[in-house]
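Below is one structure; the comments refer to it alone.
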Amino acid sequence: MASDTQLRKYPVGIDPAALSEAERQVPAEEAPPLPPNAGLVWIGKSVPRIDSRAKVTGAARFTVDVKLAGMLHARLLRSRLPHARLVSVDVSVAHQHPGVRAVLPINETVGRAVEVQAQTESPSETTPRRVLYVGDIVAGVAAATPAAAEAALRLIRVEYQPLPFVGDIESARRSDAPAVFEGPVRGESYAGGAASSATLPQQGNVRGPNKAGSRGNVTDGFAQADVVVEGEFRTQVQTHCCLETHAAVADWQSNGLTVYLSTQYTAGVRRELAQAFGLPLNSVRVVVDAMGGGFGSKSTAGNYVRAAVALSRQAQAPVRLVLDRQEEQLDSGNRPATVQRLRVGARRDGTLSAIALDTYGTAGVGLGAGVGNFAQSLYDCANFDIAQSDVFINAGPGCAMRAPGNVPGAYALEQMIDELAEKLAMDPLALRDRIDPSAVRREERRIGATRFGWSRRHAPGADSGPIKRGLGMAQSYWGANVHTNASCEVRIMRDGSVELLSGVQDIGTGIGTVLAQVVAEELGLRPEDIAIRIGDTDFPAGPPSYGSMTTASITPPARNAAHQALRELFDAAAPALGAAPETLVARGGRIAAPDQSHSMSFREAAAHLRTERISAVASRSDDYGGFNRKFGDMASARNALGGVQFAEVSVDVETGIVRVERIVAVQDCGRPMNPRQIESQVQGGVLMGLSYALYEERVLDRHTGHVLNADLEHYKIARSREVPRIEVILLENYQGTSATDAYGIAEPSNIATAPAIANAVYNAIGVRVRQLPMTPAKILSTLGRIPARSPRV
Amino acid sequence: MVGNSNMVESIKMGEITRRQFLKGTGAALTSVAVPNTGLCAAGRTAQTGTNETATASDPLAIALNVNGLQRTVEIEPQATLAEVLRGPLDLTGTKIGCDRGACSACTVWVDRVPILSCMTLAVDVGERKVVTIEGLARGDELHPVQSAFIAHDAVQCGFCTPGLVMSCAALVESNHNPSLENVKAAISGHLCRCGTYPHVFAATLDAARVLRG
């Protein structure tokens, strides 16, 4: 049954430059249109994080802090060989070790490509599993103490039959390379860089090319071009490095399973575990309170949580399993390496006539090492050719990492566009004004250029002396994603207290605070009046915290649920106020008739409720006017997210050291809900991009298959001394598409940084570095001052 | 230094972890009562890597002064301060991020000096006074650095926060007028993967202003 709809007017456009009004056909039960942030009390204000006191006093409870009575400690045995057949795994001696309560070999794994053939055969004792990389999971132990678990690990007798392996992408592509898989594989795009199709060709370790997304005819397009630029760009493997390593406490009981988990998606993990262990959804509960970072790597339960649950079931006791930092670096996902060959043709006026992108990458034994939809979406170009391939190597599987695909994709394309501008003798901003269809990014370029002082930019390599300065810029593109399987409940108690309940988890973005703001705004209360209960599948299922879609998905239902609960409160209080319920307003902690003639406190109004507690549950409705695309529970809004970043660098051409001195980030996320929290996220996105550009690189030794820097001291990450001055400018971009009109920011803020820095480095030294990270050695070899090294990936 | 070359050799062979190394050290402490140079027992550790019982020693009762309270705990001699705080003392605000001194999440004060509790054996603390994140506030009154972290949103996921707060608080306690460079240097060993540093800088400078009065 279609619900009633109403025609309503919404503010649309960039505030204040281009604010206007638009009509939308909206379901009648939706909360009414909100004015721009300037007209609101709590939404759009920098309300302090509701859990910040707990976080600065040590009271916040992370998964690693969970202690249950009788809790056991688990450790995992992992392969030290990059490729081997597990001839036998004997756990009998380990079982006898004092304190050991459960030991199990791991027979099945998830999160990696799987041979099609192996799946159709029935599992057989005679075809033992293979381990595919150093760190691959072999067995698990649960014991009374961590020391006993660790000791028992060494008592597991494993007979390995070593197999040939391959540890780098170029060797893996050769026809005589050792095969990582024994035949054609299938699987999902775990690394999120490109959709994985079941029908792609596979030869040796190369699966692809996937040509989905191609359009027009690039041969014609290049024929029409006055100018053509081309280049090969290489990006490295980056690891997530969440400060809280992957952590679970699994508690298998006869009446159901509870898992305390550092996770980005409580509802999804519940589904996954219910299926894996043959339990109904009502017998699985997933709980996360404080959560120490995810960046894409904690989106699913994966192998280690399955192991913790199975150990708990076997031991009949709660089991704590926390990965150590080395395990984290080897086997908790990573951003795949890519090699991108890019060719761009343009007319003399800058109009793009053709883009051809041929790319291969490696997600280790995973799939999805593509470069996203960046090149095919950012600029107007009728002729676009794309070919993306996965190359398998014996390394831990990649998984989604902050703007998967688009981060390496932007690094290549935005440098190519910079080069094109120079060849056309156009300013990079002017060229983008011609080829970029986004009015939002146009405004972002204008605002950013003024703040940054773009007019200071000199010709490439113009500085004399060894320290050369440069300015560069680059753009971001990311879908405005929404999850429609996102619900929350708002309750009003008879004493006037209010609570919000949702399974949605706060991974550090501050969504709990934003939900308090939204409910407070609707009910005329203060954020601190709202008890926020989230991160628990006992509550209505929340959206995942990936794809930059949490805020877009859960704030509209929060507001609508508050709105519906308030209607019920109005009905209860109206007789006492002598006014029609639909005329009442809630503001400043009071419920009042429109002329303010009669009013009562929210608490007094709640006392009129017939029952102890009223409640409303709302779920994410479709965007007003529909989505651009919807696939299952996921959807993307009509308008994508933008962002433009400017970088100022200095390069010491004698040492090769690049210093980023300043970044100006102009970003949009629809209606900004909490500017200071957004600023925190953007600064984080910029720093992760800066770190990707200059420092981070997983180094895999191709001769042994071992990761040489599986720690935090040799895997270099930008820290305090590398932090430049970062200025964040946030657009208010209203679109009138939901009850809050809010979208995400985490990923868009991470996309433009590396290419902006790369373009600034070019502007400084006059030669282009086409390989990440831009270490001193790469700078010096690009300058011809030292011999070039062969690529490490 | 008898064990030094053995230790290096063992690391090369990939047979020894820092944890095993510390365990060996702890065992040596109780069995031979040598100064805790950290190197004396390394050779022995390498030999006992496959047999836990050879390095484990009887639990040891030690007294620790933590957050102004004298606490007696029974620990394994090889336990780090971080493990003792988080385990038997149930002060889980101190976080372990890498367990080898590379991220500083485990920072606490020992006699008001910020140290890495994952790199410190609990038995080595002796009578020195330990302050953890739970003991930084005076009752309900937060330390100025804690208040400033809230005001500046110097917190995202919050996992590195306790360690950062302890280092920043130690800085402003010893230097009421730090420069931005002083702040950057004071926390250069910390890793905040959410990238909250700019707000941490601003919060710490602000807290110093409060302390200057």
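Line order of the protein sequences matches chains D and Z. Going by our numbering, the first sequence opens with residue 411, and the numbers climb by one from there. Going by our numbering, the second sequence opens with residue 109, and the numbers climb by one from there. Backbone N, C-alpha and C define an ideal beta-carbon position, used for all residues, glycine too. Small disclaimer: the values here were computed from a predicted structure and weren't measured.
Cβ distance (whole Å) where residue i is taken to contact residue j below 8 Å
| i | j | result |
| --- | --- | --- |
| D:L482 | D:P728 | 7 Å |
| D:C898 | D:A941 | The Cβ separation is near 13 Å, so there is no contact. |
| Z:A262 | Z:A311 | 4 Å |
| D:S1007 | D:A1075 | Actually they do not touch by this definition, with Cβ atoms about 49 Å apart. |
Own chain, CB closer than 6 Å to residue i, minus 5 neighbours either side, in chain order
| i | result |
| --- | --- |
| D:L733 | T655 and H656 |
| Z:P252 | A315, V318 and L319 |
| D:V628 | A764, A766, N793 and D795 |
| Z:M227 | G209 |
| D:Q612 | P594 |
Start-to-end residues for the beta strand (DSSP E) that takes in residue i
| i | result |
| --- | --- |
| D:H973 | No beta strand (DSSP E) contains D:H973, which is instead part of the alpha helix (DSSP H) from T960 to L987. |
| D:L994 | From DSSP, D:L994 is part of no beta strand (DSSP E); its letter is neither H nor E. |
| D:K1040 | R1039 to F1041 |
| D:K878 | I877 to Q885 |
| D:N891 | N891 to H893 |
| D:A1015 | No beta strand (DSSP E) holds D:A1015; the alpha helix (DSSP H) holding it covers F1012 to A1016. |
| D:R730 | V729 to V732 |
| D:Y670 | G666 to L671 |
Distance CB(residue i)-CB(residue j) smaller than 8 Å
| i | j | result |
| --- | --- | --- |
| D:L1122 | D:R735 | yes |
| D:T965 | D:G1154 | no |
| D:G618 | D:S799 | yes |
| D:L987 | D:A1003 | yes |
| D:V1061 | D:V1068 | yes |
| D:G545 | D:S581 | no |
| D:V647 | D:N744 | yes |
| D:A718 | D:A660 | yes |
| D:Q750 | D:A1168 | no |
| D:L514 | D:V501 | yes |
| Z:A213 | Z:C268 | yes |
| D:T1150 | D:V928 | yes |
| D:I1161 | D:N816 | yes |
| D:S787 | D:P954 | no |
| D:F632 | D:V639 | no |
| D:T673 | D:V698 | yes |
| D:V510 | D:A553 | yes |
| D:P508 | D:A558 | yes |
| D:T415 | D:P442 | no |
| D:V801 | D:Y770 | yes |
Extent of the continuous alpha helix (DSSP H) to which residue i belongs
| i | result |
| --- | --- |
| Z:T240 | Looking at the DSSP string, Z:T240 is not in any alpha helix (DSSP H), and its letter there is neither H nor E. |
| D:P690 | That residue, D:P690, is in no alpha helix (DSSP H); it is neither H nor E in DSSP. |
| D:F949 | Taken as a continuous stretch (DSSP letters only), D:F949 belongs to no alpha helix (DSSP H), as it is neither H nor E. |
| D:N1173 | T1163 to I1175 |
| D:F472 | First-last for D:F472: undefined, no H or E at that position. |
| Z:K292 | L288 to A294 |
| D:C898 | D:C898 -> not in any alpha helix (DSSP H); beta strand (DSSP E) instead, spanning S897 to M903. |
| D:V628 | V628 to A633 |
Proximal residues to residue i (C-beta, below 7 Å), its chain only, five neighbours per side dropped
| i | result |
| --- | --- |
| D:R851 | Q885, G1052 and V1054 |
| Z:T200 | R194 |
| D:L1097 | A1128 and V1133 |
| D:H1018 | A982, A983 and A986 |
| D:D939 | V908 and A930 |
| D:T519 | I547 and N713 |
Cβ neighbours of residue i in the same chain (closer than 8 Å, five flanking residues each side left out)
| i | result |
| --- | --- |
| D:G480 | A727 and P728 |
| D:I944 | L910, L911, S912, G913, V914, Q915, D916, I921, G922, L925 and G952 |
| D:I453 | L444, N447, Q927, V928, E931, R1081, M1083 and T1150 |
Taking only beta carbons into account, state which residues of the segment 291–309 of chain Z come closer than 9 Å to chain D, listed in chain order. V291, K292, A293, A294, I295, S296, G297, H298, L299, C300, R301, C302, G303, T304, Y305, P306, H307, V308 and F309
Could you run through the segment 207–231 of chain Z and flag, in chain order, every residue whose CB is less than 9 Å away from some CB of chain D? D207, R208, G209, A210, C211 and A213
Please name the residues in the segment 642–656 of chain D whose beta-carbon is closer than 7 Å to at least one beta-carbon of chain Z, in chain order. C651, C652, L653 and E654
The segment 263–295 of chain Z: positions lying closer than 7 Å to chain D by Cβ: V263, Q264, C265, G266, F267, C268, T269, P270, V273, K292 and I295
Contact set between the segment 710–740 of chain D and chain Z, restricted to residues whose Cβ is under 7 Å from the partner: D734 and R735
Anything in the segment 559–577 of chain D with a Cβ closer than 9 Å to a Cβ of chain Z? List those residues in chain order, please. E560, A561, A562, R564 and L565
Using a Cβ-Cβ cut-off of less than 7 Å, give me the residues of the segment 1119–1151 of chain D that come near chain Z, in sequence order. D1121, L1122, E1123, I1127, R1129, S1130, R1131, V1133 and I1136
Could you name the residues of the segment 432–463 of chain D whose beta carbon sits closer than 9 Å to any beta carbon of chain Z, in the order they occur along the chain? S456, P458, R459, D461, S462 and R463
Check distances from the C-beta atoms of the segment 1064–1095 of chain D to those of chain Z and list, in chain order, the residues that come in under 8 Å. R1086, Q1087, E1089, S1090, Q1091, Q1093, G1094 and G1095
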